[in-house]
Structure formats: structure tokens, C-alpha cells
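Trainee:
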Amino acid sequence: MDILATIGQLDTSIQYTHRPTVKVVIRDNNKILVLNQGLLPGGGVEPGESDYEAIARELREELGATVKDVMSLGTVVQYRTLLSKKYVINGYVAALDTIGGPTNPQNEREAQLTSRWLSLDDAIAYVSRSIEEAELKPIDTSDSQGKLYNLMTTLEFLRVAK
């Protein structure tokens, strides 16, 4: 996949752990699903798992959802210095097939997901505002760095999905 963006700076003094990840822009007619103030559903790809298998598992765990017509958008690389991780995030766009099935959240954050269906233009504006708000706060913890970088990743994928 083409690299759409690199977020963060490579620090050669850090030995990064590689973390393959998938994120999905889910379409339902003319609406896009946005989670928790501007994030996309998805998560880590487990060893031996394909991106498509990870997408199916993550969407089932987080949303009780299935998708169809999955197409690649590109890759965003994040250098998360506060975690010493290099996230290689493959982005996809897919059509919603079903939602509302049983979920299996893997942590408290997944159990407390909030969702909104927005037009693509509204989703881009919403995520842009969330980035502006996140940039006003100190980026001094792995959570604050992760939130900002993941919002920036969402924006890249939404722009390509347009």
C-alpha cells in the first residue's frame, strides 16, 4: 500500500516495536461511522492474521458489525516515541453489512465506545476540530500522543476516502 503520511519523528535512539494495525472507514449510504470524538474502528493485527481477518475480528469485538466491499486506502506510519512503538496502519474503506450483533470488548476503552454517523464532509470537519482541541493540550503521555496521532490518522484516511 502507498504511504499516505508519516506522523511523528523517527528517533534513531529508540528501538521501536513494530505494531501492524488496521483502521476502517465504514460507509452506510452517505454516512461515515466515527467513534469517540473522531476515531475509526479497527485495531492491531495479530501474528498470523491477515488485515481482512483483523478487520472482521475488530469490528465484531468493538461494534458487533460486519462489512463488505473492503478496499484499501493506503498506509499511515506513526512513530509513537512515548511508547517506543512504530505503528504501521493500513486503512480501508468498506460498506456496512450488519451492525448490532454481540460485541466482545477487549478493554474498558472498547466497552465505552461512542459512535456517530456523519456525512464525509461533516466527519472531516469534526475530526479537524478534535485535532485542534487535542493540540491545545500537552502531549506528554502515551495516551495524549496516541489520541492526537490517531485523530491525525483518521483525517488522512477520511481525505483519501473522499
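In terms of the numbering used here, the numbers along the sequence shown are unbroken and rise by one, the last being 169.
For glycine and all other residues, C-beta sits at the position ideal for the given N, C-alpha and C.
These figures come from a predicted structure and were not determined experimentally.
What are the start and end residues of the alpha helix (DSSP H) that includes N157?
Mentor: S149 to A168
Trainee: Is it true that the segment 28-47 meets the segment 95-107, where meeting means three or more beta-carbon pairs spaced less than 8 Å apart?
Mentor: yes
Trainee: Any idea if D58 is buried or exposed, counting beta-carbon neighbours within 10 angstroms, 16 or more meaning buried?
Mentor: buried
Trainee: Whole angstroms are fine: how far does the CA of T161 sit from the CA of Y23?
Mentor: 22 Å
Trainee: Within 10 angstroms of its Cβ, does M78 collect 16 or more other Cβ (buried), or is it exposed?
Mentor: exposed
Trainee: Count the other CB atoms, across all protein chains shown, that sit within 10 Å of the CB of P145; report buried if there are 16 or more and exposed otherwise.
Mentor: exposed
Trainee: Just to confirm the assignment, what range does the beta strand (DSSP E) spanning L103 have?
Mentor: K92 to T105
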